Amino acid sequence: MKPTTMSHLRQWKADGKKFATLTAYDFSFARLFANEGIQVMLVGDSLGMTVQGHDSTLPVTVSDIAYHTAAVRRGAPQALLLADLPFMSYATPQQTSTMPHS
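Add 1 to a position in the sequence shown, counting from 1, and you land on the number used in the numbering used here.
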């Protein structure tokens with residue numbers, strides 16, 4: 002199977018094809034979803050509450066998102082991955098240029 006790309010999404014929209022996008026946070030769920038034909042996955046900052054046990058998404062860092070995105074990629078190498086930018090990680094150009102890169 003070829004990797005899913007934004008071009009595929011544009012074509013699916015033009016063709017009226019429906020598809021699902023599911024949130025995945027780790028290798029195991031990404032593999033399960035991929036095996037069931039899910040071609041688009043989101044790594045959301047909701048991992049702060051669902052995986053890390055926080056009361057909100059505010060403690061989630063770019064590094065957290067990068068870590069979980071890498072795990073999801075290993076589980077679903079052909080899927081199109083979308084990843085959230087955590088709250089305030091992009092408020093100014095200076096903040097984005099000083100964020101640690103993973």
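Backbone N, C-alpha and C fix where the C-beta goes; we use that ideal spot for every residue, glycine too.
Note that the structure is predicted; figures quoted are calculated from it, not measured.
* Quick one: using the 10 Å Cβ neighbour count with 16 as the cut-off for buried, is Thr5 buried or exposed? => buried
* Can Val44 and Asp85 be called in contact, C-beta distance under 9 Å? -> yes
* **Residues that DSSP places opposite Leu23 in a beta bridge** => Met42
* What residues are listed by DSSP as bridge partners for Leu83? -> Secondary-structure assignment with DSSP links Leu83 through a beta bridge to Leu43.
* For Asp56, which of helix, strand or coil comes out of DSSP? -> In this structure, Asp56 counts as coil in the three-state DSSP scheme.
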